[in-house]
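Below is one structure, written out as structure tokens; the observations come after it.
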Amino acid sequence: MKKSDKILITLVLIATCFSFVYSFYKTVIKADFDVVNIEPPIDSAQE
Amino acid sequence: MNTIICPDSVPSFLRFFDLSVAPPLLFYAYIPAIIVALFFGFYILKKDNYSLQSKLLLGIAVSFSIWVLNLIFQWTISYVKIDMFSWQITPFFEILIPILSIYFAYVFLNKKDIPLSAKIIFSFLVFTLAITIPTKFNTLSFDYQNCQANYGDVYYHFVYIFELLAIFIVDYLCIKKYLRTSKEDTTTKKQAVILAIGSTLFLTIFFLSNILGEFTKTYQINLFGPMGILVFIGFMTFMIVRYGLFQIKLIATQALVLGISILIGSQLLSPSNIIDEVVTASTLVAFLIAGLYLIRSVKHEIEAKEALKIANERQAETTSLITHQIRGVFTTTKAGLSAVIDGSYGPIPQNLMDVMKHMFKSQEDGVIEVQTFLQAQKIESGTVQYDFKPFDLKTLVEELSAKEKPRADSKSLEYEVRINNEDYVIEGDRVYLTQLVDNFIDNAIRYTEKGSIKIQLSRKPDSVLYSVKDSGVGIKEEDKDKIFTKYGHGTDSRKINSDSSGLGLYIVKGIVVGHGGKIWYETEIGKGTTFFAEIPIKQITKK
Numbered sequence: 689m690k691k692s693d694k695i696l697i698t699l700v701l702i703a704t705c706f707s708f709v710y711s712f713y714k715t716v717i718k719a720d721f722d723v724v725n726i727e728p729p730i731d732s733a734q735e
Numbered sequence: 367m368n369t370i371i372c373p374d375s376v377p378s379f380l381r382f383f384d385l386s387v388a389p390p391l392l393f394y395a396y397i398p399a400i401i402v403a404l405f406f407g408f409y410i411l412k413k414d415n416y417s418l419q420s421k422l423l424l425g426i427a428v429s430f431s432i433w434v435l436n437l438i439f440q441w442t443i444s445y446v447k448i449d450m451f452s453w454q455i456t457p458f459f460e461i462l463i464p465i466l467s468i469y470f471a472y473v474f475l476n477k478k479d480i481p482l483s484a485k486i487i488f489s490f491l492v493f494t495l496a497i498t499i500p501t502k503f504n505t506l507s508f509d510y511q512n513c514q515a516n517y518g519d520v521y522y523h524f525v526y527i528f529e530l531l532a533i534f535i536v537d538y539l540c541i542k543k544y545l546r547t548s549k550e551d552t553t554t555k556k557q558a559v560i561l562a563i564g565s566t567l568f569l570t571i572f573f574l575s576n577i578l579g580e581f582t583k584t585y586q587i588n589l590f591g592p593m594g595i596l597v598f599i600g601f602m603t604f605m606i607v608r609y610g611l612f613q614i615k616l617i618a619t620q621a622l623v624l625g626i627s628i629l630i631g632s633q634l635l636s637p638s639n640i641i642d643e644v645v646t647a648s649t650l651v652a653f654l655i656a657g658l659y660l661i662r663s664v665k666h667e668i669e670a671k672e673a674l675k676i677a678n679e680r681q682a683e684t685t686s687l688i689t690h691q692i693r694g695v696f697t698t699t700k701a702g703l704s705a706v707i708d709g710s711y712g713p714i715p716q717n718l719m720d721v722m723k724h725m726f727k728s729q730e731d732g733v734i735e736v737q738t739f740l741q742a743q744k745i746e747s748g749t750v751q752y753d754f755k756p757f758d759l760k761t762l763v764e765e766l767s768a769k770e771k772p773r774a775d776s777k778s779l780e781y782e783v784r785i786n787n788e789d790y791v792i793e794g795d796r797v798y799l800t801q802l803v804d805n806f807i808d809n810a811i812r813y814t815e816k817g818s819i820k821i822q823l824s825r826k827p828d829s830v831l832y833s834v835k836d837s838g839v840g841i842k843e844e845d846k847d848k849i850f851t852k853y854g855h856g857t858d859s860r861k862i863n864s865d866s867s868g869l870g871l872y873i874v875k876g877i878v879v880g881h882g883g884k885i886w887y888e889t890e891i892g893k894g895t896t897f898f899a900e901i902p903i904k905q906i907t908k909k
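Going down the list, the protein sequences come from chains A and B.
Numbering follows the working numbering, in which position 36 of the first sequence is assigned residue number 724; successive positions increment by one, without gaps.
Numbering follows the working numbering, in which position 224 of the second sequence is assigned residue number 590; successive positions increment by one, without gaps.
Below, the structure is given as structure tokens:
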């Protein structure tokens, strides 16, 4: 494998791993995201 | 609010096989397809000696499988936080599929790696998408009532546009290859057409279902997206046929029967009433009987093909052995005659010397004939071992054209060698390419009675083009398909050279193809023929 390929793959892999781990931490552990449309729609509630 | 309330969710974590909630199609069609796709991907990787294109094919299979598994996850997951994470990583795997499809199409069609600039663009796309995963550019919020994430700008303005663009890029690559391939090279043309149809269907079904499902909020449409995997498997089957992997049929059938049996059998583990369990058990037994019969039939077919293949190989071995023996006899006799002509056994009368020289020439021709035959056999069986090393093709063309010039001069032919002043160092087998260069010139001189011969070498960005133009009789319409075939003589060529074996251009074509290049000709009756050979500068990386 060429040196340039190794550099590109390493950069992408580091960014991906970091991003996945941080997303997992932020979303699954910290639950740091907005939840919308919580209430059921009015018409279905009336039914 | 920690758990999902949507009707398509299941009550407990990872209960994949509870068919009462998510559509049965999801499990029946997706999971065996994933198993088969991954299996084929790994098998081709091993069979194709870990080549770049097989790695990319596996990359598509893996990305697609992860994307589909993630989709199943979204349908079955019970917890909001995990569901949200699953939605967040979807665009990342979704964009890998078009990127790898473009990469694969380029390598498959051009037999070489993509340029560094394209790698930088692809890496930039993946990098950008990766770093936006945890941000609002990717997902804005989670819609509790609809059990899905609301996507941000990345999905709507980046992923979708690139997905559509990928279809056009792959088609552009295929059309470009098709138009640039000579009429004679029908195999490459067919490959470009099949790749274009297969990948367009695959990518279009996959992406259109995503786009339409997302915009119309009709998730039944999304369900059809992964059915593109069927086209993908069909496409891989084409690859298998190309590599001649017959035995994979048996393993693939076994994998498919096993995958579906597991799926049906797993339903027995889910709590249900006795009638359902009896129906499921009966289905499983019936499927196993049918599956075993299918495996047996495929096995018989493979055994028959293997037996035929062995018979053909034995025949070829016998012919090769006999031919080797004949070559041995020729060589021994030639050595004896050479010694007599050299005077090693003392002087001989002139009339006997003439006979000896004539016999020596016949022996020499005989050795060449046998060697040519053996080489054609090696090409046919695919057992040629090329020794790829960098060398200057220009020097080789200059040497051989100078060597052949006296023959052209003896026929009073105008003889021109035109080589532009550029770098012609290529990775190739010098011994075999010598045969290619020599064959074109030899044929041109042999079949041209008057006029001219022009030998030309020119450089392209990633290849060199070698051509020899003659002003001979040209190739008749009825002979055009025979030219590169085994024992394929032109009607007029037999009149000029009755001793021709009809193997020269067949061998030369094998050599060019073995170097990842292409060979073709242009001809006009009464005006002459030009033979072309395009050889890549570098051989595709195998490992």
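Using N, Cα and C, we set each Cβ at its ideal position, and we do this for glycine too.
query	result
Contact set for residue 831 of chain B: own chain, Cβ-Cβ below 6 Å, skip 5 residues either direction	824 and 900
Identity of the residues DSSP links to residue 884 of chain B by a beta bridge	B/900
Neighbouring residues, chain B, relative to residue 704 of chain A (Cβ below 7 Å)	496
Nearest candidate by alpha-carbon position, reference residue 447 of chain B, set B/578, B/478, B/507 and B/416	B/507
is_contact[residue 775 of chain B, chain A] using C-beta, thresh 8 Å	no
Residue span of the alpha helix (DSSP H) that contains residue 749 of chain B, given as start and end	Counting along the chain, residue 749 of chain B falls outside any alpha helix (DSSP H), and DSSP gives it neither H nor E.
Residues from the region 466-495 of chain B in contact with chain A, defined by Cβ distance under 8 Å	482, 485, 486, 489, 492 and 493
Cutoff 8 Å: residue 756 of chain B Cβ touching any chain A Cβ	no
Whole-angstrom distance between residue 543 of chain B and residue 891 of chain B, CA atom to CA atom	28 Å
Residues, ordered as in the chain, of the region 820-840 of chain B that lie near chain A by beta-carbon distance below 8 Å	none
Residue 489 of chain B - containing beta strand (DSSP E), residue span	Careful: residue 489 of chain B lies outside any beta strand (DSSP E), inside the alpha helix (DSSP H) at 482-498.
For residue 551 of chain B, the first and last residue of its enclosing beta strand (DSSP E)	Neither: residue 551 of chain B is in no beta strand (DSSP E) and is coded neither H nor E.
C-beta contact flag for residue 558 of chain B and residue 566 of chain B at 8 Å	no
Alpha carbon of residue 894 of chain B to alpha carbon of residue 792 of chain B, nearest angstrom	29 Å
Contact set for residue 720 of chain A: own chain, Cβ-Cβ below 6 Å, skip 5 residues either direction	714
N- and C-terminal bounds of the alpha helix (DSSP H) containing residue 779 of chain B	No alpha helix (DSSP H) holds residue 779 of chain B; DSSP gives it neither H nor E.
Members of the region 424-452 of chain B near chain A, C-beta cut-off 9 Å	445, 446, 447, 448, 450 and 451
8 Å Cβ cutoff, residue 512 of chain B in contact with chain A	yes
Inter-stretch contact (C-beta, 8 Å, three-pair minimum) for the region 732-747 of chain B and the region 872-884 of chain B	yes
Assigned secondary structure, residue 340 of chain B (DSSP; H/G/I helix, E/B strand, else coil)	Outside the displayed span of chain B (367 to 909) sits residue 340 of chain B, for which this structure offers no information.
Length-filtered (3 minimum) beta strand (DSSP E) runs lying within the region 514-573 of chain B	514-517
Alpha-carbon to alpha-carbon, residue 696 of chain B and residue 732 of chain B	7 Å
Residues that residue 464 of chain B contacts on chain A, provided the C-beta gap is smaller than 7 Å	Ordered by position in chain A, no residue passes the 7 Å Cβ test against residue 464 of chain B, which lies about 16 Å from the chain.
Reduced DSSP secondary structure (H/G/I, E/B, other) of residue 820 of chain B	strand
Per-residue burial, residue 658 of chain B [other beta carbons within 10 Å of its own, 16 or more giving buried]	exposed
6 Å CB neighbourhood of residue 611 of chain B in its chain, flanking five on each side removed	Caution applies to residue 611 of chain B, whose pLDDT of 48 falls short of 50 and renders its modelled position unreliable; the value that the coordinates give is listed next. Closer than 6 Å at the Cβ level, and outside the excluded window around residue 611 of chain B, lie 413.
Distance between residue 665 of chain B and residue 650 of chain B (C-alpha atoms, nearest Å)	22 Å
Minimum Cβ-Cβ distance from residue 715 of chain A to chain B less than 8 Å	yes
Reduced DSSP secondary structure (H/G/I, E/B, other) of residue 723 of chain B	helix
Option nearest residue 753 of chain B by Cα separation, candidates B/678, B/880, B/839 and B/729	B/880
Proximal chain A residues relative to residue 507 of chain B, where beta-carbon distance stays under 7 Å	721, 722, 723 and 724
Residue 459 of chain B vs residue 433 of chain B beta-carbon contact at 8 Å	yes
Assigned secondary structure, residue 836 of chain B (DSSP; H/G/I helix, E/B strand, else coil)	strand
Backbone secondary structure at residue 894 of chain B - three-state DSSP	strand
Partner residues on chain A for residue 500 of chain B, Cβ-Cβ distance less than 8 Å	707, 710, 711, 714 and 715
Where residue 872 of chain B sits in the DSSP three-state scheme	helix
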